[in-house]
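Student: Read in full-length UniProt numbering, the sequence shown has 305 at position 305, and its numbers run on one by one without any break. All C-beta atoms in this analysis are idealised placements derived from N, C-alpha and C, irrespective of residue type, glycine included. Encoded as structure tokens, here's the structure I'll be asking about.
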Amino acid sequence: MFKALVLDQVDGKTQAEIRELDESVLPEGEVLVDVAYSSLNYKDGLAVTGKGKIISSFPAIPGIDFVGRVASSADARFAAGDEVVLTGWGVGERHWGGMAEKARVKADWLVPLPDGMSGRTAMLIGTAGLTAMLCVMALEQGGVTPEQGPVLVTGASGGVGSVAVALLAKKGFDVVAATGRTSEEGYLRKLGAKEIRSRDEMAAPPRPLEKQLWAGVVDTVGGTVLARALAETHYSGTVAACGLAGSHELPVTVMPFILRNVRLQGVDSVNCPTPVRQQAWQNLLSDLDLDLLGDVGQEISLDEVPDYAERILRGEVRGRTLIKL
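Structure (structure tokens):
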């Protein structure tokens, strides 16, 4: 038997409950993992509260990422005792996820834990950190360099934003952090931000083109914040968009694209190809100041998840939230 957070629907409303389950009820997969940590991401908040159509069928176990140790494997790539990390692939959405003491998944979805990285560190990074690294890689692939000017990170106090600020600062960029919680200025400056902007300032509807301010942008917010970021991006700059914490809509004209050669690059970590995923994890090991992760993360129990799920949707949760199993 193992403990899990189980979501069910009662009268059209999502309910979350801690239950004891037998291994036999786990979905199919080649690898059984003893989960050490999961984490709470914005998407998990939508799933647990039922405020987003994340879960495809009920009952379900949420948790779009986890780290743990292989208990048994029918795939030659993994053996009992191997430490592994999983992010994405529809786990915690279409397939039971990581908010449980055990998970059974496909071997193709797992990545060996990088040498020199602890499981706790891997989950402090988690889906949010992986997404942040993919955004940074997108800026670099777009030719963005520190010499070209400052870079903007929106939703900077959140999980993706916090890691993006730290990564870009370590690479030598002048990072401007936009946040809805200006009280977090000290935290963001410790991560490496040179300047703090309020989200309200960024959320004002832009003209088709604004003054060129940013060599590159990592956007986690969407909506008018992303529209303004595009209108303010330098000629041939790159904007990496990975979130919708503000809105899924994009009220923008084509002007930044056809007059300033701006590139809008979507970033998805869910179905990211395995070779890119593995490279991103190696980059995180080498490029992220792991000592900063203690400031980025907090740890909660499975019982606290429903409360924190509501809080993360209200924008009240700083950085990363680990769930210890």
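Could you tell me whether any Cβ in chain B is nearer than 9 angstroms to the Cβ of Arg-199?
Tutor: In the structure shown, chain B does not exist; there is a single protein chain.
Student: Cα separation between Gln-15 and Gln-9?
Tutor: 6 angstroms
Student: If we ignore side chains and look at the alpha-carbon of each, how far apart do Val-6 and Glu-299 end up?
Tutor: 20 angstroms
Student: With contact counted as at least three CB pairs below 8 angstroms, one residue from each stretch, are the segment 101–115 and the segment 123–133 in contact?
Tutor: no
Student: Report buried or exposed for Pro-275, applying the criterion of at least 16 other Cβ atoms within 10 angstroms of its Cβ.
Tutor: With fewer than 16 other beta carbons inside 10 angstroms of its own, Pro-275 counts as exposed.
Student: Quick check: Thr-238 and Gly-142, are their CB atoms within less than 9 angstroms of each other?
Tutor: yes
Student: Enumerated in chain order, which unbroken segments of the beta strand (DSSP E) with a length of 3 residues or greater are wholly contained in the segment 237–309?
Tutor: Here the runs fully enclosed are 263–266, 297–300.
Student: By alpha-carbon positions, which one of Asp-108, Asp-75, Asn-261 ends up nearest to Ala-272?
Tutor: Contrary to the premise, residue 272 reads as Cys rather than Ala in this sequence. For Cys-272, the closest alpha carbon among the candidates Asp-108, Asp-75, Asn-261 is that of Asp-108.
Student: Taking DSSP's pairing of strands, which residues face Glu-17 in a bridge?
Tutor: Val-6
Student: Kindly provide the ranges of any beta strand (DSSP E) runs that are 3 or more residues long and lie completely inside the segment 84–119, ordered along the chain.
Tutor: Runs of the beta strand (DSSP E) inside the segment 84–119: 102–105.
Student: Classify Ile-258 as buried or exposed, calling it buried when 16 or more other Cβ atoms lie within 10 Å of its own Cβ.
Tutor: exposed
Student: Rounding to the nearest angstrom, what Cα-Cα distance links Lys-43 and Lys-324 in this structure?
Tutor: 18 angstroms
Student: Sorted by chain position, which residues of the same chain lie with C-beta nearer than 6 angstroms to Gln-148's C-beta, five sequence neighbours on each side aside?
Tutor: Ala-215
Student: Identify whether Glu-195 lies in helix, strand or coil by the three-state DSSP scheme.
Tutor: strand
Student: For Leu-40 versus Ala-166, is the C-beta distance shorter than 9 angstroms?
Tutor: no
Student: Among residues of its own chain, excluding the 5 on either side of Arg-19, which ones have a beta-carbon nearer than 7 angstroms to its beta-carbon?
Tutor: Ala-4, Val-6
Student: Closest to Leu-268 by CA distance: which of Phe-78, Ala-80, Val-218 is it?
Tutor: Position check: residue 268 holds Asp in this sequence, whereas Leu was assumed. Among Phe-78, Ala-80, Val-218, the Cα nearest to that of Asp-268 belongs to Val-218.
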